[in-house]
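What follows is a set of notes on a single structure, which appears directly below.
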Amino acid sequence: MAAIELSGVKKTYPGGIEVIHGLDLAIADGEMVVLVGPSGCGKSTLLRMIAGLETITDGTISIGGAVVNRREPAERDVAMVFQNYALYPHMTVRGNLEYGLRNRGTPRAEIDARVEAAARTLEIAPFLDRKPRQLSGGQRQRVAMGRAIVRQPKAFLFDEPLSNLDAKLRGQMRIEIRRLQRALGTTSVYVTHDQLEAMTLADRLVVMNGGHIEQVGKPTELYDRPASLFVAGFIGSPPMNLIDIETLRALTGAAFPPSLPVGTDIVGIRPDAIMMGPAGGGDISISGVVELIEPVGGESHLYVRVAGLDQAMVIVAQGRSVLSETGRLDFSLPVAALHPFSRATGKRLR
Amino acid sequence: MVENRPWLNVLTHLVLVVGVIVIAFPVYLAVIASTHDEGAFLRGVVPLLPGPHLLDNYGQMLSQGMSTSGAPPLTLMLANSLVMAIAIAVAKIAISIISAYAIVYFRFPLRTLAFWTIFITLMLPVEVRIIPTFKVVADLGLLNSYAGLTIPLIASATATFLFRQFFLTVPDELMEAARVDGAGPMKFFRDILLPLSRTNMAALFVILFIYGWMQYLWPLLVTTDTKFYTVVMGIKRMAAVADADPQWNLVMAAVVLAMLPPVLIVVFMQRLFVKGLVETEK
């Protein structure tokens, strides 16, 4: 168990393509940090740099206080769970779990004890003598986790470990990973592009975009106060509605809402913050035509076409919607729920 | 086929039966010939049923050979062939798997050049470079030796290429997982790559064993001492005798014995062989 510290980390591929641009991040001991971002944002590269599978062009990475830039993956004492599990196909489950320990010269008795313990925790004891190809996707996933935990490493690195599973299993494994990580208290870095996974697993969430960190914080903080237009659009499903302030003014004829900071070009509003019906004191009233209704069960997502806006607005309505598609809908945006952004910097203004 | 067309069944079977006869009849004839006495095949009517001299013929060939044509006992020639075929197969596999490992998993200067150089040697089989190769082997003093028989045939672009293609299908994550698990390059090769290549190696062994066994031209060139004769070239020597009728019964006994090892190899390694060609265990 150890803290991980990245400072000024850069990655340039041969040919001069810089994919990570001077990145700083401190991960506390025992913390679960989730790196999330669209594909190509550098999150997997960053994880692989921590693991030692990619070289570090500039800056330093330290694990447990020691700079590990030039150390081999095995010397960094981290364990990694891969997206496709990367189990050794010719070894039994037991062989897979033992391999890392045997390479480290762990005494036989201790290997057995650790493997037994891991198998019990992950409920894979019945499969210990099978080959990976005789296991289902979920079981292989558990074995991959087992291979990481028997090592008792300083840190776990997860590279989109759940993306090969079906939705139901993914939900189960997510809970299990969270439970396991809490129980073991091992520092973990988890890479995903699934924002639900990111929100639910993270102690702290790191949103990355184009080789930069956009924002770091608790998942709820990021949801409540996205620091940039990118985070606003990336975190939350359905995503935040972003409306140009001039369009909004032209649309409603309303004066500049005084509570918004000067320089606001774009306002954002969460689909679930929008109120049905015409507005009361000071809020902004809009009306539009319902284009599409997505019933999700407990709530419905309404896609409302508003004249003058390029994109349909998304509204989350609680309960079953009694509206019909192509019907007119009046709704209002509470001024207090608006997120103000500057177009030029892409940053939040308050 | 789901369709039931009787005449089609008859036709296909006819074609197959004719095919089998065309292939199998000469083999049958060889077996029959090896059981008759010396004159049986020279009298004009070819016998189609086994004769009484099976043990005599085989016994003579195995223990004494055919002195009139300067052929040593078959046991010696079979042993030579076996040594040559196994040495070629094993060494080819060993060298090509190592070079494929280097080419696929390591970044070194001129790697692509190295690969293409190996690849180009595909165009230079022994027959093409036979005179310079002979000169080199002769200058090294390797004529009439097992080294001279095998070494020039060992370098193999085909096997290297085959292993390279196989290694390329092994997911990178496996190597990365091994690195994280503390396995260095040699350990990864030994613990993971070699066991995964097991079936490929078996399939290659069968092919290369037969390749080595069938070598004719090269052994003919580099061996003048009967101690190093291989069976395939020995048969040729027996069949082409000057000033006498070839002793077909004995030649055919040698032929049948020479056919056996490749057949046995294929029969016993068939399961692995097929697996290695069709299955990709990942």
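As given, the protein sequences belong to chains H and G, one line each in that order. So for the first sequence, our numbering puts the first residue at -17; every next one is plus one. So for the second sequence, our numbering puts the first residue at 72; every next one is plus one. Every residue, glycine too, gets a C-beta built ideally from N, C-alpha and C.
Residue i classed as buried or exposed, judged by whether at least 16 other C-beta atoms fall within 10 angstroms
i, result
"GLU92 of chain H", "exposed"
"VAL81 of chain G", "exposed"
"MET194 of chain G", "exposed"
"PHE339 of chain G", "exposed"
"THR202 of chain H", "exposed"
"MET257 of chain G", "exposed"
"ARG102 of chain H", "exposed"
"TRP284 of chain G", "buried"
"ILE228 of chain H", "It should be pointed out that residue 228 of chain H corresponds to Glu in this sequence rather than to Ile. Answer is exposed; the Cβ neighbour count stays below 16."
"VAL93 of chain G", "exposed"
"VAL91 of chain G", "exposed"
"VAL199 of chain G", "exposed"
"LYS353 of chain G", "Low confidence applies to LYS353 of chain G: its pLDDT is 42, below 50, so where it sits in the model is not reliable enough to give any reading."
"SER140 of chain G", "buried"
"SER138 of chain G", "exposed"
"ALA107 of chain H", "exposed"
"TYR75 of chain G", "Checking the sequence shown, residue 75 of chain G turns out to be Asn, not Tyr. Exposed, since its Cβ has fewer than 16 Cβ neighbours within 10 Å."
"PHE96 of chain G", "exposed"
"ARG22 of chain H", "The residue you asked about is not Arg; residue 22 of chain H is Gly in the sequence shown. That one is exposed."
"PRO180 of chain G", "exposed"
"GLU276 of chain H", "exposed"
Residue j beta carbon less than 9 angstroms from that of residue i
i, j, result
"ILE281 of chain G", "ALA101 of chain G", "no"
"PHE238 of chain G", "TYR176 of chain G", "yes"
"LEU113 of chain G", "ASP316 of chain G", "yes"
"ASP206 of chain H", "SER267 of chain H", "no"
"ALA68 of chain H", "ARG133 of chain H", "no"
"THR88 of chain H", "LYS136 of chain H", "no"
"LYS298 of chain G", "ASN215 of chain G", "yes"
"ARG30 of chain H", "ILE45 of chain H", "no"
"MET190 of chain H", "GLY301 of chain H", "no"
"GLY328 of chain H", "LEU211 of chain H", "yes"
"HIS283 of chain H", "PRO220 of chain H", "yes"
"ALA324 of chain G", "TYR129 of chain G", "yes"
"ASP226 of chain H", "ILE248 of chain H", "yes"
"GLY309 of chain H", "VAL271 of chain H", "yes"
"ARG156 of chain H", "GLU179 of chain H", "yes"
"PRO223 of chain G", "VAL241 of chain G", "no"
"LEU17 of chain H", "VAL188 of chain H", "yes"
"LEU151 of chain H", "GLY193 of chain H", "no"
"VAL277 of chain G", "VAL334 of chain G", "no"
"GLU98 of chain H", "ARG250 of chain G", "no"
Minimum Cβ-Cβ distance from residue i to chain G less than 9 angstroms
i, result
"HIS175 of chain H", "no"
"TYR81 of chain H", "yes"
"GLY34 of chain H", "yes"
"LEU20 of chain H", "The sequence as given places Pro at residue 20 of chain H; Leu does not occur at that position. So no, PRO20 of chain H is outside the interface."
"ILE62 of chain H", "Here residue 62 of chain H is Met; the residue named in the question, Ile, does not match the sequence. Yes - at least one Cβ of chain G is within 9 angstroms of the one on MET62 of chain H."
"TYR70 of chain H", "yes"
"ASN146 of chain H", "no"
"ARG133 of chain H", "yes"
"ARG129 of chain H", "yes"
Residues that residue i contacts on chain G, provided the C-beta gap is smaller than 7 angstroms
i, result
"PRO55 of chain H", "ARG250, VAL251"
CB contact check: residue i to chain H, cutoff 9 angstroms
i, result
"PRO180 of chain G", "no"
"PHE263 of chain G", "In the sequence on display, residue 263 of chain G carries Ile and not Phe. Cβ-Cβ to chain H under 9 angstroms: yes for ILE263 of chain G."
"ARG342 of chain G", "no"
"LEU267 of chain G", "yes"
"LYS353 of chain G", "Residue confidence for LYS353 of chain G is low, a pLDDT of 42 falling below 50, so the modelled location carries little weight; the figure read from the coordinates is stated next. Yes, contact with chain H."
Contact set between residue i and chain G, taken where Cβ atoms lie within less than 8 angstroms
i, result
"ARG86 of chain H", "GLY253"
"ASN66 of chain H", "PRO242, GLU244"
Closer than 7 angstroms at the beta carbon, the chain H residues around residue i
i, result
"PRO256 of chain G", "Result: empty, since nearest Cβ-Cβ is about 11 angstroms, beyond 7 angstroms."
Interface partners of residue i on chain H, CB under 9 angstroms
i, result
"GLU247 of chain G", "ARG30, ALA33, LEU35, PRO55, MET62, PHE64, ALA68"
List in chain order: all unbroken beta strand (DSSP E) runs of 3+ residues lying wholly within the region 103 to 187 of chain H. 137 to 141, 169 to 174
Segments assigned alpha helix (DSSP H), at least 4 residues, entirely inside the region 129 to 203 of chain G: 145 to 176, 182 to 191
Curious, which full-length alpha helix (DSSP H) runs of at least 4 residues does the region 233 to 309 of chain G contain? 243 to 251, 256 to 259, 269 to 284, 288 to 293
Segments assigned alpha helix (DSSP H), at least 4 residues, entirely inside the region 221 to 255 of chain H: 227 to 234
Just list the alpha helix (DSSP H) runs in the region 17 to 56 of chain H, keeping only unbroken ones of 4 residues or longer that don't cross its boundaries, in chain order. 25 to 33
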